[in-house]
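Counting from 1, one number per residue, gives the positions in the sequence shown under the numbering used here.
By construction, the Cβ of each residue, glycine as well, lies at the ideal position given by its N, Cα and C atoms.
Keep in mind that this is a model prediction, so the values were computed, not measured.
These notes concern the structure reproduced below.
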Amino acid sequence: MRILVISDIHGNIEALEASLAAADAAKYDRVFNLGDVVGYGASPNEVVNKSRELGGIFVRGNHDKAASGITNAEDFNHIAALAAYWTRDNLTPENLMWVRNLPQGPIKSDGVENVQCVHGSPLDEDEYIIVVRDSYEPLMETTAALTFFGHTHIQGGFAVDGEEWMTLRPIYESDDKAEQFVFPMKKSAKYLINPGSVGQPRDGDWRAACAIFDTDAHSITFLRTPYDVASAQKKIYDAGLPDRLATRLTDGR
Ligand code: ZN
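Okay, structure coming up:
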């Protein structure tokens, strides 16, 4: 089975559509969506509609919680708070309810043994796993052999194999073409894998990020896909959302 893993779409329909087209070409059977479906971007309804249509496994992100009123958006920085309130005002009532009802991770995958999905960390849905030190506790404490996580908007991950700790970062040849990086996994290791952010990458690469997990080959294919970033930016300006939310899409930071 091939599973498309997407995370941190953040209301960016252009980035989502481009990623789905690349994933269609690479083939997949089902979808894991790691949350932050909305927040920041100007197309929350389009992204929620598409996510609902794709189905699969979902976990909620911190922006899903803030936009739907589960947590207080005032706890966010100013720009993120403005975006959360804008999203709340612009989601249809039905889509707002769908976002509010997204489940808290970890969610175990049915049919795929020993795999779980979280937004931040298996120990705390709001925690950031940025450097390998951050992965020690979650990798030691969790029993799942493979945990998909998002939240940091950084594609790659961490692994432990016996005494050896590893940081995984895909390597690409260009910064403007559609590319894939295949990472073969070892059966003996335990992994935390981040597909990267579809709609607001922060790893220095502006291209939309996602990943495909092949359960038979036991490999992860990381994807980077160029998309119509100018269109996504124009919608952010037109919506009156903070300019920084548009400019950071081309910065990839
Ligand atoms: Zn996010």
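{"Query": "If you check the beta carbons only, do Ile212 and Arg2 fall under 8 angstroms apart?", "Result": "yes"}
{"Query": "By the three-class DSSP mapping on this structure, what secondary structure does Ile70 have?", "Result": "coil"}
{"Query": "Could you tell me whether the Cβ atoms of Gly199 and Asp8 are closer together than 8 angstroms?", "Result": "yes"}
{"Query": "Report the three-state DSSP secondary structure of Gln1 (helix, strand or coil).", "Result": "According to the sequence provided, residue 1 is Met. The question's Gln does not apply to it. Looking at Met1 - three-state DSSP - the assignment turns out to be coil, as it is neither helix nor strand."}
{"Query": "CA-CA distance, Leu20 and Gly39?", "Result": "20 angstroms"}
{"Query": "What's the gap between the Cα of Leu82 and the Cα of Glu163?", "Result": "45 angstroms"}
{"Query": "So, helix, strand or coil for Asp161, using DSSP?", "Result": "strand"}
{"Query": "In the DSSP output, which residue or residues are listed as bridge partners for Met166?", "Result": "Ala159"}
{"Query": "Are there 16 or more other CB atoms within 10 angstroms of the CB of His151, so buried, or fewer, so exposed?", "Result": "buried"}
{"Query": "Mind checking whether Ala239 and Glu14 have CB atoms under 8 angstroms apart?", "Result": "no"}
{"Query": "The ligand ZN and Ala251: does any heavy atom of the ligand fall closer than 7 angstroms to the residue's C-beta?", "Result": "Checking the displayed sequence, the identity of residue 251 turns out to be Asp instead of Ala. Outside the cutoff, so no."}
{"Query": "At a cut-off of 7 angstroms, is Gly105 close to the ligand ZN when judged by its beta-carbon and the heavy atoms of the ligand?", "Result": "no"}
{"Query": "Might you give, ordered along the chain, the residues of its own chain that have their beta carbon closer than 6 angstroms to the beta carbon of Arg207, omitting 5 neighbours on each side?", "Result": "Arg224, Thr225 and Pro226"}
{"Query": "Would Asp228 count as contacting chain C if we go by Cβ distances under 8 angstroms?", "Result": "No chain C appears in the structure shown, which is made up of a single protein chain."}
{"Query": "DSSP beta-bridge partners for Ser219?", "Result": "Pro184 and Asp214"}
{"Query": "By a C-beta neighbour count over all protein chains shown, 10 Å radius and 16 as the cutoff for buried, is Thr167 buried or exposed?", "Result": "exposed"}
{"Query": "Restricting to Cα atoms, I'd like to know which of Tyr136, Ala246 and Asp251 is closest to Ala80.", "Result": "Ala246"}
{"Query": "CB Leu102 to CB Phe58, shorter than 8 angstroms?", "Result": "yes"}
{"Query": "So is the beta-carbon of Gly61 under 7 angstroms away from any non-hydrogen atom of the ligand ZN?", "Result": "yes"}
{"Query": "Can you tell me which of the three DSSP states Lys190 falls into?", "Result": "strand"}
{"Query": "Using beta-carbon positions only, say whether Gly11 and Ala42 come within less than 8 angstroms of one another.", "Result": "yes"}
{"Query": "Over what stretch of residues does the beta strand (DSSP E) that includes Arg202 continue unbroken?", "Result": "Element bounds for Arg202: n/a, residue is neither H nor E."}
{"Query": "Short of 7 angstroms in beta carbon distance, which residues of its chain neighbour Ala84, apart from the five on each side in sequence? Order them along the chain.", "Result": "Gly39, His63, Ala66, Ala67, Ala73 and Phe76"}
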